[in-house]
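Worksheet: one structure, shown below.
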Amino acid sequence: MEINVLEYLEKTAVSFPDKIVFAEENKELTFHELLNNSKKIGSKLIEKYQQRKKPVVVFVDRNIESLVMFMGVTYSGNFYVPIDKNMPKLRIELILDVLKPVAAIVLESEIEYIKNIAPDLEFVTYEESLKNPVDEKELHQIRITSIDTDPLYATFTSGSTGVPKGVLTCHRSLIDLTEALTETFDFNESTILGNQNPFYFDASIKDIFCTLKCGSTMYIVPKKCFTFIGTLSSFLNEKKINTILWSAAAIGLVANADAFSEVIPQYLNQVMFSGEVMHNKVLNYWRRNLPNTKFVNLYGPTEITSICTYYKIEKIYSDEEVLPIGIPFKNTDILILTDDNKLAEIEEKGELCVRGCCLALGYYNNPEKTEEAFVQNPLNKSYPEMIYRTGDIAKYDEDGQLIFFSRKDNQVKHMGQRVELGEIEIVVNSLEKIDASICFYDHDENKIVLAFQGNDVNNKYIL
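Using the numbering used here, the first residue of the sequence shown is number 851, and each one after it goes up by one.
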């Protein structure tokens, strides 16, 4: 079993040195080039900073360079923190205040931007680092003293106090996910992935590390393909992309724009989605147009390394039915706990809690929030065992499938009845001409409020 994710790259770089690992529309990189460039960046960071297990910021775009920088930071023995360079300056400042990073790595074209956004932040440039010689001795020394629970990356999510929370994930968690994903869905060197998720989202790690493990190829789908949606299928066909792991929102964008009306993807054999509830109207559009394609619903929060359950969709679901989130991946256990911390019965709702190697290390520099979410398993009084409380309401059905309902804080009591706002959204989203909806509770007026979006929908009371 691997200890460090770089072992994936080092093995595939030997097996497939000249094969394309990552590609943009007009730019590509081989496994050998990725390995060599990553080692150069790692050597530069070691030479300049002599730090271990510290945060190194990568101001990312959807480009190959960002991926090389991720691997370079990993070679240095530190953990990378992808930050969207287009996010508001205040949010970046809040993140940097939490992190107190040892350095950042940037493109030369971004130097002025970095000096403006974070004038006190130390940095090295990508281009300068690639001129650096590889220091195999230092890289080896770092590797032999590394363990699989060392941090690999941190991604930031919104915090209830307004201060973003940095979810810190270790090598073991990412390796566990990658092994489970590639085994469950038969990824191999023939897999060609089309990446949609931005690299500052944890959802992108599935694309990146499955590619590295299997010797696959990952194409970064251009943003313009989602702006001019009619060009998307042509790009997928041109690159012969056969596997996608996209956000449910991106899948919905394709359906709502009727993007397959002129050109249908010819090579897609696996379509997986996560991030939010998939509307069956959207799913059924894809299934009608791609009848021989396998579809999978994935579920999981950032705190458990992106995903922890999967559901291979085989039956046809009507628009108003609830799509299961399925069963746990190998080496992961899902507990449904009642309000009094008892194990829920079949068909009984409770909070979805997760145990296993997939759990993040916690929130960086935030022990208070970490202790709230990562807690001792209340079912185990005999020895320390951590679980993550997702705050999601779910149940196991009679078939052993997990059914997601809503956030715990999305359950309200209205006119004496407990109401799941998520269930209302499911029903409304099944209505003709409704593209999307959101339901919330107005505590001042004691009313359930529904906002919806659609074409040719007259304003009227639905509730």
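We put the CB at the ideal spot given by N, CA and C, even for glycine.
- For the region 1113 to 1150, the continuous alpha helix (DSSP H) assignments of 4+ residues that do not extend past its boundaries occur at 1130 to 1139, in sequence order.
- Excluding residues up to 5 positions away in sequence, 1191 lie with their Cβ nearer than 6 Å to the Cβ of residue 1228 in the same chain.
- Among the bridge pairs identified by DSSP, residue 1205 is matched with 1183.
- Residue 975 and residue 1035 have their C-alpha atoms some 38 Å from each other.
- A Cβ-Cβ separation of about 6 Å places residue 960 in contact with residue 909 under the 8 Å criterion.
- Within the region 996 to 1064, the runs of beta strand (DSSP E) that reach at least 3 residues and sit entirely inside it are, in chain order, 1001 to 1007, 1015 to 1020 and 1042 to 1045.
- Under the DSSP definition of a beta bridge, residue 1289 partners with 1300.
- In the DSSP assignment, residue 857 falls within the unbroken alpha helix (DSSP H) covering 856 to 865.
- Boundaries of the beta strand (DSSP E) around residue 1239: 1236 to 1246.
- Per the C-alpha coordinates, the member of 1004, 968 and 946 positioned closest to residue 923 is 1004.
- Within the same chain, Cβ atoms closer than 8 Å to the Cβ of residue 1198 are found at 1186, 1188 and 1245, the five residues on either side in sequence being excluded.
- The continuous beta strand (DSSP E) containing residue 955 extends over residues 953 to 956.
- For residue 1049 against residue 912, the beta-carbon gap comes to about 6 Å, under 8 Å, which counts as contact.
- In this structure, residue 1179 lies away from residue 1152, with their beta-carbon atoms at least 8 Å apart.
- Pairwise C-beta distances place the region 1170 to 1177 out of contact with the region 1015 to 1029, as fewer than three of them are shorter than 8 Å.
- By the C-beta density criterion, residue 1301 is exposed, having fewer than 16 other C-beta atoms within 10 angstroms.
- Per DSSP, the continuous alpha helix (DSSP H) segment holding residue 1220 begins and ends at 1217 to 1223.
- Linking residue 859 to residue 1150 through their CA atoms gives a straight-line distance of about 26 Å.
- Partner residues in a beta bridge of residue 924, as assigned by DSSP, do not exist.
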